[in-house]
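>
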Amino acid sequence: MADQTQYVTLGAADSLFAVPVERVQQILETQPIAAMPHAPADFLGMIDVRGQSVPVMDLRKRLALPAAEDSHSTRIMVLDARVGEAPRRIGLKTDRVFEVTALDADTMEAPPDLGASWRTEFVAGVGRRNGAFVTVLDLDRLFAAADLPAASGAAA
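Read in order, the letters of the sequence shown correspond to residues 1177 to 1332 in the numbering used here.
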């Protein structure tokens, strides 16, 4: 029997992504985000989650996908990641969240090697779900290069 891992699937643009379910703390509807001055384009600002300041990144901008307006399906996933050596709680704005699903570890593929012109460090692997490709995100690497404020709280 194949070793399966549980993932939360989410969408941005026309792409399907997944993050490990154990890293997801909450899924929130959109809410006001306090912008920070001189912030990078993919860092939207801060939200308050149960008294904790949580930085919010835009998945579309982080992955260089085309911009889009928020919709009724837009969500903020509050995730645990490691930024450097520190555990951090980070919000990730995405177009929609689908479901919790299992992906077979033995059928997970590495991202295709297209040479140095394509950045694959954010991709932990590529799986399949109902005939569609699912890009599994490496959250630690996704946020490692981000300019996040040092004042946000560590993951509990």
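Backbone N, C-alpha and C define an ideal beta-carbon position, used for all residues, glycine too. Computed from a prediction, not measured in an experiment: that's the story for all the values here.
Find out if the Cβ-Cβ distance for the pair Val1230, Gly1187 is shorter than 8 Å.
As a position in the sequence shown, residue 1230 is number 54, starting the count at 1. As a position in the sequence shown, residue 1187 is number 11, starting the count at 1. Cβ atoms of Val1230 and Gly1187: not closer than 8 Å.
> In the DSSP assignment, the beta strand (DSSP E) including Phe1219 goes from what residue to what residue?
Walking along the sequence shown from the start, residue 1219 turns up at place 43. From DSSP, the beta strand (DSSP E) with Phe1219 extends over 1219-1225.
> Can you tell me whether Phe1219 is buried or exposed? The criterion is at least 16 other CB atoms within 10 Å of its CB, across all chains shown.
As a working mapping, residue 1219 is identified with position 43 in the sequence shown. So Phe1219 counts as buried.
> Whole angstroms is fine: what's the gap from Arg1258's alpha carbon to Asp1271's?
Against the sequence shown, residue 1258 aligns to sequence position 82. Against the sequence shown, residue 1271 aligns to sequence position 95. For Arg1258 and Asp1271, the distance between alpha carbons rounds to 23 Å.
> Is Thr1206 near the ligand NAP - that is, is its Cβ less than 7 Å away from at least one heavy atom of it?
Here there are no bound small molecules, and the ligand NAP is not part of this structure.
> Is DSSP giving Phe1309 helix, strand or coil here?
Counting from one through the sequence shown, the residue named residue 1309 turns up at place 133. Correct three-state label for Phe1309: strand.
> If you count every other CB in all the chains shown that lies within 10 Å of the CB of Phe1298, and 16 or more means buried, which is it?
To locate residue 1298, count along the sequence shown from 1; it is residue 122. The residue is buried, with at least 16 neighbouring Cβ atoms inside 10 Å.
> Would you tell me roughly how many angstroms separate the C-alpha atoms of Thr1296 and Thr1283, rounded to the nearest one?
Translated into positions along the sequence shown, residue 1296 becomes position 120. Translated into positions along the sequence shown, residue 1283 becomes position 107. Approximately 19 Å between the Cα atoms of the pair.
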